[in-house]
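First up is the structure itself, then whatever we jot down about it.
Number of protein chains: 2
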Amino acid sequence: MGIPNLQIALDHSDLPSAVADIAKVGEIVDILEVGTILCLQAGEEAIRCVRALFPNKKVVADTKCADAGGTVAKNCADAGADWMTVICCATIPTMKAAAKEVEEVQVELYGDWTYEQAQQWLDAGISQAIYHQSRDALFAGETWGEKDLNRVKKLIEMGFRVSVTGGLDVDTLKLFAGVDVYTFITGRGITAAEDPVVAAQAFKAEIQRIWG
Amino acid sequence: MGIPNLQIALDHSDLPSAVADIAKVGEIVDILEVGTILCLQAGEEAIRCVRALFPNKKVVADTKCADAGGTVAKNCADAGADWMTVICCATIPTMKAAAKEVEEVQVELYGDWTYEQAQQWLDAGISQAIYHQSRDALFAGETWGEKDLNRVKKLIEMGFRVSVTGGLDVDTLKLFAGVDVYTFITGRGITAAEDPVVAAQAFKAEIQRIWG
Numbered sequence: 003m004g005i006p007n008l009q010i011a012l013d014h015s016d017l018p019s020a021v022a023d024i025a026k027v028g029e030i031v032d033i034l035e036v037g038t039i040l041c042l043q044a045g046e047e048a049i050r051c052v053r054a055l056f057p058n059k060k061v062v063a064d065t066k067c068a069d070a071g072g073t074v075a076k077n078c079a080d081a082g083a084d085w086m087t088v089i090c091c092a093t094i095p096t097m098k099a100a101a102k103e104v105e106e107v108q109v110e111l112y113g114d115w116t117y118e119q120a121q122q123w124l125d126a127g128i129s130q131a132i133y134h135q136s137r138d139a140l141f142a143g144e145t146w147g148e149k150d151l152n153r154v155k156k157l158i159e160m161g162f163r164v165s166v167t168g169g170l171d172v173d174t175l176k177l178f179a180g181v182d183v184y185t186f187i188t189g190r191g192i193t194a195a196e197d198p199v200v201a202a203q204a205f206k207a208e209i210q211r212i213w214g
Numbered sequence: 003m004g005i006p007n008l009q010i011a012l013d014h015s016d017l018p019s020a021v022a023d024i025a026k027v028g029e030i031v032d033i034l035e036v037g038t039i040l041c042l043q044a045g046e047e048a049i050r051c052v053r054a055l056f057p058n059k060k061v062v063a064d065t066k067c068a069d070a071g072g073t074v075a076k077n078c079a080d081a082g083a084d085w086m087t088v089i090c091c092a093t094i095p096t097m098k099a100a101a102k103e104v105e106e107v108q109v110e111l112y113g114d115w116t117y118e119q120a121q122q123w124l125d126a127g128i129s130q131a132i133y134h135q136s137r138d139a140l141f142a143g144e145t146w147g148e149k150d151l152n153r154v155k156k157l158i159e160m161g162f163r164v165s166v167t168g169g170l171d172v173d174t175l176k177l178f179a180g181v182d183v184y185t186f187i188t189g190r191g192i193t194a195a196e197d198p199v200v201a202a203q204a205f206k207a208e209i210q211r212i213w214g
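These protein sequences, in sequence, are chains A and B.
Heads up: the first sequence begins at 3 in my numbering, then just goes up one per residue.
Heads up: the second sequence begins at 3 in my numbering, then just goes up one per residue.
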């Protein structure tokens with residue numbers, strides 16, 4: 003079992019505050035995500051800024067791409083992204099078109115996806131999935147539970163490298179002890195902390211304690 | 003039966019060429035769409051430019067929002083969009099959160115959605131749907147057929163105002179004769195034409211001929 007990565011999601015609505023936050027903690031975390039909100043607000047400039055700030059880190063554009071996979075992926079790669087996300091209800095041709103242009107594609111799991119579809123993604127050569135507790139579902143009172151953990155485990159058994167995200171904090175990580183999670187993604191768990199550097203270090207230390 | 007609207011989708015990868023195209027044909031068409039590719043490349047500036055150019059036209063941000071519906075919708079509205087799109091696999095809380103911030107939300111239909119889900123969208127107060135032939139599916143050789151038309155009709159019977167899009171040209175419109183389509187959406191059907199103004203006028207004239 004590997005040691006899970008820590009990924010920071012920049013879900014800011016403006017580029018200056020995103021740049022200020024990532025400059026503080028980018029070296030501590032493993033993967034830098036230009037979140038969907040930021041992509042839609044600042045466009046490719048957001049990817050370019052994060053890439054310029056951290057030339058050697060893995061950069062993900064969380065486009066949640068549903069169509070025109072080739073064009074979106076080429077644009078993301080041109081701006082400096084290594085990986086990008088596609089939404090689970092995108093068609094296989096969209097996913098394949100995206101996968102040709104970026105190093106790796108990650109499937110974002112929302113709504114009523116099936117393991118049959120998941121197998122099709124694997125068959126199409128896409129082996130990263132992001133298991134999500136929707137922000138809006140969290141606002142509606144839903145939390146991480148046994149059902150979520152079993153789905154994550156099943157996806158890992160199928161052969162996916164699985165990232166988990168949605169309402170994670172340092173205390174939540176131990177729920178996943180014994181599970182071969184590929185990456186933990188958090189946004190405001192770090193950026194909204196009183197001291198983002200301390201928060202990022204606390205995430206890393208807890209991951210090391212449990213999986214190290 | 004109403005006369006369908008004509009919507010132009012700006013799916014440019016850069017803002018200057020999008021602005022140049024929309025300036026030519028914006029007055030002819032009914033609805034101006036800032037396409038997903040352009041949203042991801044130019045950010046909110048794209049919405050702001052289209053709004054500034056055409057203060058009195060309906061502007062749609064094609065975000066295909068999958069999460070954080072409230073934030074994405076508020077950002078779109080702040081930039082000047084009247085409507086925005088959500089992806090069909092978004093959760094109902096995401097759709098409802100978006101619907102609070104913009105005038106109307108449109109559900110983009112991709113992949114394996116069901117009529118049961120569609121009824122849930124209606125029950126949540128969302129009555130616009132976009133029936134899509136995926137660009138990547140079109141590239142893979144799929145075309146409009148009886149199956150698509152029956153789905154469009156069924157959605158209209160359920161109570162949706164239905165926009166159709168994907169590989170439409172002036173000759174394709176007559177396939178929909180007798181169907182109460184709310185809006186035809188085309189991008190390069192106008193922008194890639196030798197004369198975009200003539201192309202936009204030809205779309206309008208054909209719609210008038212069939213539904214007028």
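Glycine included, each C-beta is placed from N, C-alpha and C at the ideal position.
Values in this document were obtained by computation on a predicted structure and should not be read as measured data.
Beta-carbon spacing of residue i, residue j below 7 Å
i: B:ILE192; j: B:ALA201; result: yes
i: B:ALA131; j: B:VAL164; result: yes
i: B:VAL88; j: B:VAL104; result: no
i: A:ALA68; j: B:LYS66; result: yes
i: A:TYR133; j: A:LEU111; result: yes
i: A:ILE49; j: A:ALA101; result: no
i: B:CYS51; j: B:ALA63; result: no
i: B:ILE39; j: A:ALA70; result: yes
i: A:PRO6; j: A:VAL181; result: no
i: A:LEU34; j: B:CYS41; result: no
Nearest-angstrom Cα separation, counted from residue j out to residue i
i: A:VAL21; j: B:GLY4; result: 49 Å
i: A:ALA11; j: A:GLY189; result: 4 Å
i: B:LYS26; j: A:TRP85; result: 36 Å
i: B:PHE205; j: B:HIS14; result: 20 Å
i: A:GLU118; j: A:GLU159; result: 14 Å
i: B:ALA179; j: B:PRO198; result: 24 Å
i: A:ILE187; j: B:GLN203; result: 49 Å
i: B:PRO171; j: A:LYS76; result: Position check: residue 171 of chain B holds Asp in this sequence, whereas Pro was assumed. Going by the C-alpha atoms only, they are around 26 Å apart.
i: A:LEU124; j: B:CYS91; result: 20 Å
i: B:TRP146; j: B:VAL166; result: 10 Å
i: A:LYS149; j: A:LEU8; result: 23 Å
i: A:LEU55; j: B:PRO57; result: 38 Å
i: A:ASP173; j: A:ASP114; result: 28 Å
i: B:THR93; j: B:GLY37; result: 22 Å
i: B:GLU47; j: A:SER19; result: 17 Å
i: B:GLN122; j: A:ALA126; result: 31 Å
i: A:GLU208; j: A:ALA120; result: 30 Å
i: B:GLU196; j: A:ALA83; result: 34 Å
Reduced DSSP secondary structure (H/G/I, E/B, other) of residue i
i: B:LEU170; result: coil
i: A:SER19; result: helix
i: B:GLU105; result: coil
i: A:ASN58; result: coil
i: B:ILE94; result: helix
i: B:MET86; result: strand
i: A:THR73; result: helix
i: B:TYR184; result: coil
i: A:GLY117; result: Residue 117 of chain A is actually Tyr in this sequence, not Gly. In the structure shown, A:TYR117 sits in a helix (DSSP, three-state: H, G or I).
i: B:THR145; result: coil
i: A:ILE30; result: coil
i: B:GLN210; result: helix
i: B:GLN203; result: helix
i: B:GLU46; result: helix
i: A:ASP125; result: helix
i: A:GLU159; result: helix
i: B:ASP80; result: helix
i: A:ALA11; result: strand
i: A:ALA63; result: strand
Nearest residue (CA-CA) to residue i, options the options
i: B:LEU17; options: B:ASP182, B:ALA44 and B:ALA120; result: B:ALA44
i: A:PRO95; options: B:GLN203, B:GLN135 and B:CYS67; result: B:GLN135
i: A:GLN210; options: A:THR185, A:ALA194 and A:GLY37; result: A:THR185
i: B:ASP32; options: B:CYS51, B:LYS60 and B:ILE39; result: B:LYS60
i: A:GLY72; options: A:GLY127, A:MET97, A:ASP171 and A:LEU170; result: A:MET97
i: B:GLY161; options: B:THR167, B:GLY169 and B:ILE128; result: B:ILE128
i: A:GLY214; options: A:LEU124, A:ILE24, A:LYS149 and A:LYS176; result: A:LYS176
i: B:ALA194; options: B:ALA207, B:VAL181, B:GLY169 and B:VAL183; result: B:GLY169
i: B:THR116; options: B:ALA126, B:ALA99, B:ALA207 and B:ARG153; result: B:ARG153
i: B:GLU29; options: B:ARG53, B:GLU47 and B:GLY37; result: B:ARG53
i: B:ALA99; options: B:GLN122, B:VAL74, B:GLN121 and B:ALA83; result: B:VAL74
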